[in-house]
Every structure is written in C-alpha cells, then in structure tokens.
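J.: Start counting the sequence shown at 440; every next residue gets the next number (my numbering). Every residue, glycine too, gets a C-beta built ideally from N, C-alpha and C. Shown below is the structure under consideration.
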Amino acid sequence: MTDRETMQQALEALIDAANVLSAPMFSDAADALREALEQPEQRQWVGLTEFQFAEIYNKWNDTNGSTAWGLNQALEAKLKELNK
Numbered sequence: 440m441t442d443r444e445t446m447q448q449a450l451e452a453l454i455d456a457a458n459v460l461s462a463p464m465f466s467d468a469a470d471a472l473r474e475a476l477e478q479p480e481q482r483q484w485v486g487l488t489e490f491q492f493a494e495i496y497n498k499w500n501d502t503n504g505s506t507a508w509g510l511n512q513a514l515e516a517k518l519k520e521l522n523k
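Right under this line is the structure:
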C-alpha cells in the first residue's frame, strides 16, 4: 500500500469516526489529511549510476573532436529518460 493509499484510508476512518463520535478533533485531523492528499506527489530523483555515466562518457569520448556540450547533451538526455 502506498503512502497516499494509507492516508486516504485514514481519512475515510476519521470521517466515519467523526460521524459517530461528533468529536471536533477528528474533523481537524480529516481536514489536515485532505490538504495533504491535495498536494502533488513528490517524485524521487533518479541519477546516473557509475556504469551509466562511464558508458555515456566512453561513447562521447570515442567521437574525437566532440565538444563538452555534446557530453552535456548526452548526460541530460539520459537523465530525462530516467526521470520521466
């Protein structure tokens, strides 16, 4: 179960508890969970492994006369691919 699924389940339980017990603290907690669930999910950044970097560098290095900009473009393309 993901964190968001767990938060959604807790929210539903708090709403049910608030309806049965009429306790204001349940309503406050439910509001806080609703707000948290409305926030966009944070994604984990994926970087390059040493092997991936070496592979990109070696391909770039094999093209004699390439600029540093070419290496930058290759690294950026791989990072974009990993972090779609």
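Counting only the same chain and skipping the five closest in sequence on each side, list residues whose C-beta sits under 7 Å from that of Ala457.
T.: Phe465, Ser466 and Ala469
J.: If distances are taken between C-alpha atoms only, which option among Asp442, Ser461, Thr441 and Met446 comes closest to Ala471?
T.: Met446
J.: In angstroms with no decimal places, state the Cα-to-Cα distance between Leu460 and Arg473.
T.: 19 Å
J.: Could you give the DSSP three-state label for Gly486: helix, strand or coil?
T.: coil
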